[in-house]
Structures are given as structure tokens and as C-alpha cells.
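Below is one structure; the comments refer to it alone.
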Amino acid sequence: AQSVTQLDSQVPVFEEAPVELRCNYSSSVSVYLFWYVQYPNQGLQLLLKYLSGSTLVKGINGFEAEFNKSQTSFHLRKPSVHISDTAEYFCAVVNPQGGSEKLVFGKGTKLTVNP
Amino acid sequence: DTGVSQNPRHKITKRGQNVTFRCDPISEHNRLYWYRQTLGQGPEFLTYFQNEAQLEKSRLLSDRFSAERPKGSFSTLEIQRTEQGDSAMYLCASFLRGGNTGELFFGEGSRLTVL
């Protein structure tokens, strides 16, 4: 079975500051990794994903994440945040051998960008 | 708008009543997923369908819960004899098998409040 731990439930930052949202996962098999974002009153949408290859992946809205196999981490970063980045961010994994595309999510990190 | 629609968006009911939620996925998507999200938690998998076949059910899905996808298009999730612990956001997502791994398209959710 897979599990995801998001170490921070809330992260407040000021506009134009850098931010890192942390994610660690646990799995006995290789997994694919994802970050989803949920803006207020909207559904979840995919921000970025790591399947294989380069460990640094870039997503929408200037976000990027780095896969670290030895540390079983997939932290999300943005060098300069905007007010509009205020949202809840979810890290998720899927077992590519399972065939179900069933995502297992972390508890989420609420990012609040203050002016 | 992801193309996945859920109705109703909000439902307030009294304990013991039955409720039904509907999900209309993206039309060509053959897989449909139900997740539950409670306050402070990430989405938790409930069940998924491939076409009209229900392929997996979580242990979270007690016998008071039933999901159907009769013609392989829309799906319903019914909760019988609701309890206060059923209060949550119920999320639907769809996926085209063979599509981009892990890229589920989520609806905006149906929020259930049980009084």
C-alpha cells in the first residue's frame, strides 16, 4: 500500500516570496507522483507530475517539483508566489502497476499568500 | 470548468434520511471515480467504475453506500440512513483509460451536511 505525508497543514507567505510545500511518500513499489491544486470553490486540477526521467519537473503557473528517491520526497516549489496562488495543494501517488489509476492523496497544505 | 459536473452542489439533510448524488463525467471517459473529502483531510478513494462495471470498492464504503453507473455514462452515489459522520465533500473524477497517467478530471464536488 502507498501513503503520502504532507508535513505542513498551513503555509502562510508574503507575495513575491519563495515557497516550498513538502511531501514525503511511502511505498514498497515504484510509484508515480503528482501535485494537485484546489482553488476555493473549485475542483482539483493537476499541477504537475513525475513519471520517470528528469527528477525536476515543471508544471503550470510557475511551479516545479523535485523527485528524490533516496529521501522518498517530492517537494513543490515556486520562486515567487502571487496572491492568486492561494489554494490548497495535495500531493498524491499512484501505483502504475495497479492498473486502476487510483490516486492516494496526502492531507493537503493550505497555502495563503498575503500582500 | 473540467467538464465533470456534480449535482447537487450542496445538500443538507437530517440524520436517517437517504441522499443521492449524481456525477456526469467527460463524455468519452470510460473510468469514473468517487472520493470523499472531510475537513482537514485529503480526498479518500471510495470506488471506481470502468464503463458500467464497478471494479473496486474501498472499505470506507459501508453497506449504507451504493454507487452505480448503469449505462457507463453518469453515475450516482446513494447514502442510506445518513449519519453525522457522513458529512463531507463527495468528489467525482473521470479518466480516459489510455490517457495521461494520473490525470484525473475532478468535478467541483457535492457537499453533504447531516444534521
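Residue numbers (the working numbering), protein chains in the order written: chain S, 1 to 115; chain V, 1 to 115.
Glycine included, each C-beta is placed from N, C-alpha and C at the ideal position.
From residue i to residue j, what does the alpha carbon distance come to, in whole angstroms?
| i | j | result |
| --- | --- | --- |
| residue 30 (chain V) | residue 112 (chain S) | 36 Å |
| residue 61 (chain V) | residue 62 (chain S) | 38 Å |
| residue 46 (chain S) | residue 64 (chain S) | 12 Å |
| residue 119 (chain S) | residue 43 (chain S) | Residue 119 (chain S) lies beyond the range of chain S shown here (1 to 115); nothing can be said about it. |
| residue 83 (chain V) | residue 69 (chain V) | 24 Å |
| residue 89 (chain S) | residue 8 (chain V) | 25 Å |
| residue 18 (chain V) | residue 115 (chain V) | 13 Å |
| residue 51 (chain S) | residue 15 (chain V) | 44 Å |
| residue 30 (chain S) | residue 64 (chain V) | 35 Å |
| residue 98 (chain S) | residue 102 (chain V) | 12 Å |
| residue 87 (chain S) | residue 40 (chain S) | 6 Å |
| residue 20 (chain V) | residue 57 (chain V) | 18 Å |
| residue 17 (chain S) | residue 85 (chain S) | 12 Å |
| residue 112 (chain V) | residue 23 (chain V) | 14 Å |
| residue 1 (chain S) | residue 104 (chain S) | 9 Å |
For residue i, which residues in the same chain have their Cβ closer than 8 Å to its Cβ, ignoring the five residues on either side in sequence?
| i | result |
| --- | --- |
| residue 116 (chain S) | For residue 116 (chain S) there is no data in the structure shown, the boundaries of chain S being 1 and 115. |
| residue 154 (chain V) | Nothing can be reported for residue 154 (chain V): it is not among the residues displayed for chain V, which extend from 1 to 115. |
| residue 96 (chain V) | 26, 28, 29, 30 and 31 |
| residue 11 (chain S) | 19, 21, 109, 110, 111 and 112 |
| residue 101 (chain S) | 94 |
| residue 36 (chain V) | 43, 44, 46, 60, 88, 89, 90 and 91 |
| residue 13 (chain S) | 19, 81, 111, 112, 113 and 114 |
| residue 105 (chain V) | 2, 3, 4, 25, 26, 29, 93, 94 and 95 |
Considering only DSSP beta bridges, list what residue i is partnered with.
| i | result |
| --- | --- |
| residue 64 (chain S) | S:58 and S:77 |
| residue 92 (chain V) | V:34 |
| residue 114 (chain V) | V:13 |
| residue 39 (chain S) | None, per the DSSP bridge assignment. |
| residue 70 (chain V) | Residue 70 (chain V) is not bridged to any residue. |
| residue 76 (chain V) | V:22 and V:68 |
| residue 57 (chain V) | V:47 |
| residue 12 (chain S) | S:112 |
Hey, does residue i have any beta-carbon neighbour from chain C nearer than 8 Å?
| i | result |
| --- | --- |
| residue 46 (chain S) | Absence of chain C from the displayed structure is noted, the protein chains being S and V. |
Leaving out five residues before and five after residue i in sequence, what residues of the same chain have Cβ atoms less than 7 Å from its Cβ?
| i | result |
| --- | --- |
| residue 108 (chain V) | 6 and 9 |
| residue 71 (chain V) | 52 |
| residue 74 (chain S) | 23, 25, 33, 50, 65, 67 and 91 |
Please list, in chain order, all residues of the same chain as residue i whose beta carbon is under 6 Å from its beta carbon, the five residues on each side excluded.
| i | result |
| --- | --- |
| residue 33 (chain V) | 48 and 93 |
| residue 34 (chain S) | 49 and 92 |
| residue 54 (chain S) | none |
Whole beta strand (DSSP E) elements within the stretch 12 to 41 of chain V, 3-residue minimum: Correct list: 19 to 24 and 31 to 37.
Contiguous beta strand (DSSP E) assignments of at least 3 residues, all confined to the stretch 81 to 115 of chain S: 87 to 94 and 109 to 114
Please determine if the stretch 26 to 41 of chain S and the stretch 86 to 101 of chain S are in contact, where contact requires at least 3 C-beta pairs separated by less than 8 Å. yes
Using 8 Å as the cut-off, can you tell me whether the stretch 37 to 44 of chain V makes contact with the stretch 99 to 108 of chain S, which would need three or more C-beta pairs spanning the two stretches below that distance? With three or more CB-CB distances shorter than 8 Å, the stretch 37 to 44 of chain V counts as touching the stretch 99 to 108 of chain S.
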